[in-house]
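This report refers to the structure that appears directly beneath it.
Number of protein chains: 2
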Amino acid sequence: MPKIVDAEARRQEVVQAVFRIIASDGLERASLREVADEAGLAVGSVRHYFASSDELLAFSFGAVIDRIAGRLEAALSGVEAEPPGSKEQHAAVLNLLGQFLPLDEELAVDACVWMAFRHAARIKPVLAAEAERSHRAVAAVVGRLIMLLSPGEAEAHQTLVAEAERLLATLDGLCMHALLQPEWMTAEMCSDVLAAHLRSLEALPAAH
Amino acid sequence: MPKIVDAEARRQEVVQAVFRIIASDGLERASLREVADEAGLAVGSVRHYFASSDELLAFSFGAVIDRIAGRLEAALSGVEAEPPGSKEQHAAVLNLLGQFLPLDEELAVDACVWMAFRHAARIKPVLAAEAERSHRAVAAVVGRLIMLLSPGEAEAHQTLVAEAERLLATLDGLCMHALLQPEWMTAEMCSDVLAAHLRSLEALPAAH
DNA sequence: GCTGTGGAAGCACGTTCGTGCTAAAAACAA
DNA sequence: TTGTTTTTAGCACGAACGTGCTTCCACAGC
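Taken in order, these protein sequences are the chains called A and B.
So in my numbering, spot 197 of the first sequence is number 258, and the numbers just go up one at a time.
So in my numbering, spot 156 of the second sequence is number 217, and the numbers just go up one at a time.
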């Protein structure tokens, strides 16, 4: 029998190298040679675990989606564990929404990589399937959150869908601005905007 | 004297070729050779008008910013011409916000190019100055709009700034979703979200 | 008609990329 | 020790990239 290596662990190490390169130098710099250098391997070694560059990128996209979706699911459970309308629930909601923003180093890397892949998926068909999965997963979480925050079941389905899309758009826009214009979009500004959006959600049934 | 051509017009033709390539194939495909082909010229001819690839891209970025800013200024004048609180003003506001979204072919190309350059500016320092100008210009328009829509002058400055950033984030998020997930983010969904956001703006002073 | 200048085109060089393919190295069964 | 198989490393090819430099061409001014 041959030399035995934890193949899955190696793949994750390579994926981590991909993440670091994308976060610091952008997706177009994530070539096989750069990734191999960053991972401390040779090009041939990386290609032993990933048949092609496309497969490496698609796998990395899937990995970052899984990381983000996992964080969101956990935070959503935290929201569901709190009584509706309580201060604790409000804090849990803010925590969930904060998972979208680059508030610390790990979140920033994931947000960077996520944004890069989603935009690349518009052009590269290899990434389209994962982009669709990404959108479904995040929309499901935000949709459930909107349902939780809607006081009555009386709201029209269309209104809830629109509110979910509105929250999703605001979150993606905030994340984008925090990544692209970090001087303007500070953490305080992010929380101010999130607080204002939550107030607008509470005021929604009154305006109905 | 030599053969005389309208140099500025030629530059604009080349920039239009850059726009088309970015919209259809992404920024990384906007190489000198591809741009020259799309414009029906040779590489040397393109380089006669733009000293380097960086200069061409930076100029194209500036061009799309000027186009967008021009549309926004015009639409903002339209809002200011209507009496506050009127139905006509509401329509003018929706028209202004619609200028951000890829609602027709021309708007879609500009939105695509704008997004691509803003994200590229995170990595390429040559584009950083234009990205900053872009942010300033758009933030100024949205800030003025928020001031126009705020009924009293009693609102705290910080609240107005946060509301401007909130509207800006929602618009950018909507634009992003419309570009990346056009099946989900239809034109109707966009207008629903915009309408909901405007309602939340009207309800804001009441919640204060 | 001749000439010089601005516009258009292209060649050549070095670099980087993905990828097919080969060969060494390493670890375990025999 | 020997052999088998996984892992690692590397070479080589064609393609695409930016860019320095040279070459043609058309036309306004003399």
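Just so it is clear, CB atoms sit at the ideal spot from N, CA and C, and this is done for glycine as well.
Cβ distance (whole Å) where residue i is taken to contact residue j below 8 Å
i: V199(A); j: R227(B); result: The Cβ separation is near 20 Å, so there is no contact.
i: E167(B); j: A153(B); result: Not confirmed; about 20 Å, so no contact.
i: L88(B); j: A177(B); result: 4 Å
i: I126(A); j: R194(A); result: 6 Å
i: V170(B); j: F80(B); result: 5 Å
i: H196(B); j: W245(A); result: 7 Å
i: A264(A); j: A264(B); result: 4 Å
i: L209(A); j: E141(A); result: 7 Å
i: D230(B); j: T231(A); result: Looking at the sequence provided, one finds Ala at residue 230(B) rather than Asp. Rounded, the Cβ-Cβ distance is 5 Å, consistent with contact.
N- and C-terminal bounds of the alpha helix (DSSP H) containing residue i
i: R183(A); result: From DSSP, R183(A) is part of no alpha helix (DSSP H); its letter is neither H nor E.
i: A91(B); result: Careful: A91(B) lies outside any alpha helix (DSSP H) and carries neither H nor E.
i: F122(A); result: S114 to E141
i: A223(A); result: H218 to L241
i: L263(A); result: Per the sequence shown, the amino acid found at residue 263(A) is Glu instead of Leu. Where E263(A) is concerned, the enclosing alpha helix (DSSP H) stretches over A248 to E263.
i: A153(B); result: K148 to G159
i: S106(A); result: V104 to Y110
Pair within 9 Å by beta-carbon distance, residue i and residue j
i: H258(A); j: S261(B); result: yes
i: N156(A); j: G131(A); result: no
i: L162(A); j: R183(B); result: no
i: A91(A); j: I82(A); result: yes
i: L272(A); j: A248(A); result: Given that chain A is displayed from residue 62 to residue 269, the structure contains no residue 272(A) and the question cannot be resolved.
i: G204(B); j: A225(B); result: yes
i: S114(A); j: V76(A); result: no
i: H180(A); j: H151(B); result: no
i: G234(A); j: L206(B); result: no
i: A112(A); j: S106(A); result: no
i: M250(B); j: V202(A); result: no
i: D86(B); j: E74(B); result: no
i: P212(B); j: G146(B); result: yes
i: A68(B); j: Y110(B); result: yes
i: E191(B); j: A119(B); result: yes
Inset, instruction - Give the residues from the segment 239 to 253 of chain A that approach chain B closer than 8 Å (Cβ to any Cβ), ordered along the chain. - result: L240, L241, Q242, W245, M246, M250 and D253
Legend entry - Members of the segment 173 to 184 of chain B that neighbour chain A once the beta carbon cut-off is set at 9 Å: C173, M176, A177, R179, H180, A181, A182, R183 and I184
Inset, instruction - Identify each residue in the segment 227 to 239 of chain B for which the Cβ-Cβ distance to at least one residue of chain A is less than 8 Å, and report them in chain order. - result: R227, L229, A230, T231, L232, D233, G234, L235, M237 and H238
Inset, instruction - For the segment 75 to 103 of chain A, enumerate the residues whose C-beta is nearer than 9 Å to any C-beta of chain B, in chain order. - result: S85, D86, G87, L88, E89 and R90
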